[in-house]
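K.L.:
Here it is, the structure, as structure tokens.
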Amino acid sequence: VRDYLRAHAYDNADTGDLWAALQRTATQPVLDLMQGWIFRAGYPLINVDLDQDPARGSRLLIAQQRFTYLPSSSLDAADPENERDQRWHAPLLIRITARGQSRTHRILLTEPEARLDLPDGFESALVNEGGHGFYRVRYGPALLERLMRVMPGGLPAIERFNVVNDAWAAAVAGLMPLSDYLELTASLRADRDKNVWAILIDSFHALNRIIDPSDRPALEALVRHRIQPAVAELGWVTRPGESELIRQLRGDLLRALGTIGNDRAVQARAAELYADDGLERGERDSGTLDPNVLPALIAVLAHVGDAARYDEFLRRFRTAATPQEERRYLYALAAFQPPALLDQTLARAINGEIRTQDAPFVIRSLLMSVYGRERAWNFVKANWDTMDRMYPKSGLRRLCEGVIGLATPELERDVLAFFAERKIDFGGKTRDQYLEQLHVAVVWRERDRAVLRHYLTRFAAP
Numbered sequence: 004v005r006d007y008l009r010a011h012a013y014d015n016a017d018t019g020d021l022w023a024a025l026q027r028t029a030t031q032p033v034l035d036l037m038q039g040w041i042f043r044a045g046y047p048l049i050n051v052d053l054d055q056d057p058a059r060g061s062r063l064l065i066a067q068q069r070f071t072y073l074p075s076s077s078l079d080a081a082d083p084e085n086e087r088d089q090r091w092h093a094p095l096l097i098r099i100t101a102r103g104q105s106r107t108h109r110i111l112l113t114e115p116e117a118r119l120d121l122p123d124g125f126e127s128a129l130v131n132e133g134g135h136g137f138y139r140v141r142y143g144p145a146l147l148e149r150l151m152r153v154m155p156g157g158l159p160a161i162e163r164f165n166v167v168n169d170a171w172a173a174a175v176a177g178l179m180p181l182s183d184y185l186e187l188t189a190s191l192r193a194d195r196d197k198n199v200w201a202i203l204i205d206s207f208h209a210l211n212r213i214i215d216p217s218d219r220p221a222l223e224a225l226v227r228h229r230i231q232p233a234v235a236e237l238g239w240v241t242r243p244g245e246s247e248l249i250r251q252l253r254g255d256l257l258r259a260l261g262t263i264g265n266d267r268a269v270q271a272r273a274a275e276l277y278a279d280d281g282l283e284r285g286e287r288d289s290g291t292l293d294p295n296v297l298p299a300l301i302a303v304l305a306h307v308g309d310a311a312r313y314d315e316f317l318r319r320f321r322t323a324a325t326p327q328e329e330r331r332y333l334y335a336l337a338a339f340q341p342p343a344l345l346d347q348t349l350a351r352a353i354n355g356e357i358r359t360q361d362a363p364f365v366i367r368s369l370l371m372s373v374y375g376r377e378r379a380w381n382f383v384k385a386n387w388d389t390m391d392r393m394y395p396k397s398g399l400r401r402l403c404e405g406v407i408g409l410a411t412p413e414l415e416r417d418v419l420a421f422f423a424e425r426k427i428d429f430g431g432k433t434r435d436q437y438l439e440q441l442h443v444a445v446v447w448r449e450r451d452r453a454v455l456r457h458y459l460t461r462f463a464a465p
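Numbering (the numbering used here), first residue to last: 4 to 465.
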């Protein structure tokens, strides 16, 4: 950088001059590397497989391609350089563990494929050591199985996060069998990192959106199997010396277990704690409940709530003492399941009872809910002109994000027809991005719905 500043102290310069200066000093191909990363759309997927040959010994087979969630993207048709076979100069840090000892290999992957010989006693390989690389990694089944043996304790949290995040993305994109990802979730039952669990819980929500209703009890059983050990260990009450992240994790797990997992014990305990704290009698929050647990209680109670609970939460929303309390109960109104209660919430979104800056987010939540999405979508179609007049454009933009939850072929066709009939401009590519995300979900559903059903047979009630 000093050489660059001296050379151009009294002259104009562009980005290429900086890269050239870095290349001269580092004696690395910085120009070629940066050209690919800055001026090329997308980012790479690094495929890693294990090749075991008795004659040659074991090797890693490393390949790269552009990562996309769909077989081809809109960019591919417009620009051949954006096809899946485009290449980057990808700097890889690969940690190889053999006979209990680890060694880091630095590889600049410039070709479509590369090979790395493995030592005797090979145990596992981790690509993207430290989690700094801007790429996704797809492990072949044999390598993923070896990684699962050492998780969670054998990898730092950032590396576990990358493994599960990349595996989930690869599964949705059809680049990894969904069953392999589900097996990976089983290996992380003992994990206690909030960020790792955020990916797992998000994936359970996504599975809940694509599954057939008849298979939902089996999915609930899978979620209970994955989450119950962590909840049993963490409990419901904060312990001395706990980190803030552990407290947040407790709330996240309880919410997921009581909603996606439909855990009856959690639902019953949530009702007991809510009543014991005086909230059921209309009293103010006493402060005895962990502030990370209270939102989980409310979400769980709404999930299984009846008309009486809805009226109670509606009253709490109307009389809230703080904005935080108001929003907590407002969004809980979108989490009830009975159709008549959902209709009440939708009506309040346009009758002035819910503020116009909040109402779009409530409708978005209903569109993302498997229990309210069709009802909410019909409401949006019938009342679009009213909402277009009432809501700010930024709110409408976030409302329409909810179409991502309408993940069936029939609903997708209806969404496309609706947007084709109306000139809805959110600026930029926002609308197209929402529609593409919806299409990704529909393609994934049609591809993996039967796979998911087959995997869940082990969790089905006898």
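Beta carbons: idealized from backbone N, C-alpha and C, even for Gly.
1) Gly45 and Arg69 - do their beta-carbons sit closer together than 8 Å?
2) According to DSSP, Ile427 sits in a beta bridge with which residue or residues?
3) With a threshold of 8 Å, are at least 3 pairs of Cβ atoms found where one atom belongs to the segment 400-420 and the other to the segment 433-445?
4) Can you list, in chain order, the residues of its chain with a C-beta nearer than 6 Å to that of Arg98? Leave out the 5 residues immediately preceding and following it.
5) Quick check on Ile41: buried or exposed, where buried means 16 or more other Cβ atoms within 10 Å of its Cβ?
6) Report the partner residues of Gly60 according to the DSSP bridge assignment.
7) Restricting to Cα atoms, I'd like to know which of Arg219, Leu349, Arg227 and Met37 is closest to Ile204.
8) Helix, strand or coil: how does DSSP classify His92 here?
9) Using the three-state DSSP reduction, which class does His442 fall into: helix, strand or coil?
10) Between the alpha carbons of Ile301 and Trp239, how many angstroms are there, rounded?
11) Need the endpoints of the beta strand (DSSP E) that Val140 sits in, please.
12) Report the rounded CA-to-CA distance for Ser77 versus Val454, giving the unit in angstroms.
13) What's the gap between the Cα of Val4 and the Cα of Leu25?
14) Can you tell which of Val153, Pro159, Ala201 and Ala209 has the C-alpha that lies nearest to the C-alpha of Ser190?
15) Does the distance from the C-beta atom of Arg118 to that of Ile65 stay below 8 Å?
16) Any contact of the segment 365-381 with the segment 168-181, i.e. 3+ C-beta pairs under 8 Å?
17) Could you pull out every residue in the same chain whose Cβ sits closer than 8 Å to the Cβ of Val33, ignoring the five residues on either side in sequence?
18) Kindly indicate which three-state DSSP category Pro74 falls into: helix, strand or coil?
19) The ligand SAM heavy atoms versus the CB of Arg219: any closer than 7 Å?
20) With respect to the beta strand (DSSP E) encompassing Leu112, which residues constitute its N-terminal and C-terminal limits?
21) Would you mind reading off the limits of the beta strand (DSSP E) that contains Ser372?
22) What did DSSP end up calling Ile202 once you bin it into helix, strand or coil?
23) Are the beta-carbon atoms belonging to Arg469 and Met179 less than 8 Å from one another?
24) Look at the alpha carbon of Glu439 and the alpha carbon of Phe421, and state the distance between them as a whole number of angstroms.
25) Would Ser127 be called buried (16 or more neighbouring beta carbons within 10 Å of its own) or exposed?
26) Count the other C-beta atoms from every protein chain shown that fall within 10 angstroms of the C-beta of Thr348, then say buried if there are 16 or more, exposed otherwise.
27) Helix or strand or just coil, what does DSSP make of Arg98?
28) For Ala221, does the three-state DSSP call read helix, strand or coil?
29) Contact between the segment 314-322 and the segment 266-279: three or more CB pairs below 8 Å?
30) Going by the beta-carbon positions, is the gap between Gly375 and Leu336 smaller than 8 Å?
31) Determine whether the beta carbon atoms of Leu53 and Gly143 lie at a separation below 8 Å.
32) Leaving out five residues before and five after Gly157 in sequence, what residues of the same chain have Cβ atoms less than 6 Å from its Cβ?
33) Give the single residue among Val307, Glu162, Glu186 and Val303 whose Cα lies nearest to the Cα of Leu96.
34) For Asp79, count neighbouring C-beta atoms within 10 Å of its own C-beta (all shown protein chains included) and say buried if the count is 16 or more, exposed if not.
35) Using a Cβ-Cβ cut-off of 8 Å (strictly less than) and excluding sequence neighbours within five positions of His11, which residues of its own chain qualify?
36) Using DSSP's beta-bridge definition, name the partner residues of Leu48.
P.N.:
Working from what's here:
1) yes
2) Looking at the DSSP assignment, Ile427 forms no beta bridge with any residue, so it has no partner.
3) yes
4) Ser105, Thr107, Leu129 and Glu132
5) exposed
6) Asp56
7) Arg227
8) coil
9) helix
10) 14 Å
11) Arg139 to Tyr142
12) With a pLDDT of only 46 at Ser77, under 50, the local geometry of the prediction cannot be trusted, and the value read off the model is given with reservation. If you take the alpha carbons of Ser77 and Val454, they lie about 28 Å apart.
13) 7 Å
14) Val153
15) yes
16) no
17) Trp22, Ala23, Leu25 and Gln26
18) coil
19) Questions concerning the ligand SAM fall outside what the structure shown contains, since it holds no ligand whatsoever.
20) Gln104 to Leu112
21) Per DSSP, Ser372 belongs to no beta strand (DSSP E) and is neither H nor E.
22) helix
23) Given a span of 4 to 465 for the chain in the structure shown, any question on residue 469 remains unanswerable.
24) 15 Å
25) buried
26) buried
27) strand
28) helix
29) no
30) no
31) yes
32) none
33) Glu162
34) Because the pLDDT at Asp79 is just 48, under 50, the model does not fix this residue reliably, and the value given afterwards should be weighed accordingly. Buried, by the Cβ-count rule.
35) Asp20
36) Gln68 and Arg139
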